[in-house]
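Enquirer: Counting in full-length UniProt numbering, the final residue of the sequence shown is number 173, and the numbers go up one at a time with none missing.
Where a beta carbon is used, it is the ideal one built from N, C-alpha and C, also for glycine.
Computed from a prediction, not measured in an experiment: that's the story for all the values here.
Could you have a look at this structure, given as structure tokens, before my questions?
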Amino acid sequence: MSRATVWTVTPQPVASPEAVELMREYMTEVADRWFLLHEGRTTTPEEVEGYVAEEAHGDLVPPKGVLLVARREGEPMGCLGLRWYDRGRGTAELKRMFVRAAARGLGAAPALLAAAEATAREWGAGRIVLDTRKDLVEARALYARHGFVPVPRYNSVEENPYAEVWMGKELLP
1 MSRATVWTVT PQPVASPEAV ELMREYMTEV ADRWFLLHEG RTTTPEEVEG YVAEEAHGDL
61 VPPKGVLLVA RREGEPMGCL GLRWYDRGRG TAELKRMFVR AAARGLGAAP ALLAAAEATA
121 REWGAGRIVL DTRKDLVEAR ALYARHGFVP VPRYNSVEEN PYAEVWMGKE LLP
């Protein structure tokens, strides 16, 4: 009989070594996929380090937001950022969803999404939005399975020049 994977999801400071490593892996994966699609190459380590340094992740620091980390047996296996997008309208935004390859399909992503939704409700948000790219089909399918539906573009090209798909979910009380 197989043992079910037990996930714990907790806030993690974005500057912690665990969070920095997860962000580095996230940046490597999404940048590699973009560069392979558009330029036929992967990113260099220097490019990845530049992206990690460029992204201060200050929007994932309370009270603006939070970085949630999923752990299996204490080992960090994934992360998901949640930040206020429009506090006046009760809208939070998901950012930087990532699960390590070894943990995919084991429930980390649903655990992260559930924790983000619970956190957004605690904040008083009534809606969560996200943006993603067309080539990130696995992410788009995951979001759709968890109740996210297409919404009109809510952010500017300056806010995210890579965004091609926008989704949202109304939160039930």
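(1) Have a look at 19, 85, 70, 75 and flag the residue whose alpha-carbon is nearest the alpha-carbon of residue 126.
(2) When you compare the CB of residue 106 with every CB in chain B, is at least one pair closer than 8 Å?
(3) Taking a contact to mean a Cβ-Cβ separation below 8 Å, would you say residue 67 touches residue 79 in this structure?
(4) Kindly list the residues whose CB is nearer than 7 Å to the CB of residue 171, restricted to its own chain and excluding five residues on each side of it in sequence; keep chain order.
(5) Is it true that the segment 147-155 meets the segment 62-76, where meeting means three or more beta-carbon pairs spaced less than 8 Å apart?
(6) Tell whether a beta-carbon distance below 8 Å holds between residue 24 and residue 52.
(7) Can you tell me whether residue 10 is buried or exposed, with buried defined as 16 or more other CB within 10 angstroms of its CB?
(8) For residue 81 and residue 65, which I take to be in contact (beta-carbon distance under 8 Å), what is that distance rounded to the nearest angstrom?
(9) Would you kindly report the start and end of the unbroken beta strand (DSSP E) that includes residue 129?
(10) Taking just the CA atoms, how far does residue 76 sit from residue 134?
(11) Whole-angstrom Cβ separation of residue 108 and residue 7, contact assumed at under 8 Å?
(12) Use the C-beta contact count for residue 173: other C-beta atoms within 10 angstroms, 16 or more gives buried, fewer gives exposed.
(13) Give the range of the beta strand (DSSP E) segment to which residue 85 is assigned.
(14) Would you decide whether residue 168 is buried or exposed? Buried here means 16 or more other CB atoms lie within 10 Å of its CB.
(15) Looking at the secondary structure, which residues open and close the alpha helix (DSSP H) in which residue 70 lies?
(16) So for residue 45, helix, strand or coil by DSSP?
(17) Nearest to residue 41 by alpha carbon, out of 156, 28, 130?
Expert: Considering the structure as presented:
(1) Of all alpha-carbon atoms in 19, 85, 70, 75, the one lying nearest the alpha-carbon of residue 126 is that of 85.
(2) No chain B appears in this structure, which consists of one protein chain only.
(3) Yes.
(4) Excluding residues within five positions, the ones whose Cβ falls inside 7 Å are 117, 120, 121, 125, 126, 127, 128.
(5) Segment contact: the segment 147-155 against the segment 62-76, fewer than three CB-CB distances shorter than 8 Å; contact not assigned.
(6) The Cβ-Cβ distance between residue 24 and residue 52 falls below 8 Å.
(7) So residue 10 counts as exposed.
(8) Rounded to the nearest angstrom, the Cβ distance from residue 81 to residue 65 is 6 Å, consistent with a contact under 8 Å.
(9) Secondary structure note for residue 129: its beta strand (DSSP E) is the uninterrupted segment 127-132.
(10) Approximately 27 Å between the Cα atoms of the pair.
(11) At roughly 6 Å, the Cβ-Cβ gap stays under 8 Å, so residue 108 and residue 7 are in contact.
(12) Classification of residue 173: exposed, given that the 10 Å Cβ count is below 16.
(13) Segment 75-86, the beta strand (DSSP E) holding residue 85.
(14) Counting Cβ neighbours within 10 Å, residue 168 comes out buried, since at least 16 surround it.
(15) Where residue 70 is concerned, there is no enclosing alpha helix (DSSP H), although the beta strand (DSSP E) it sits in stretches over 65-72.
(16) Three-state DSSP puts residue 45 in a helix.
(17) In terms of Cα proximity to residue 41, the closest of 156, 28, 130 is 28.
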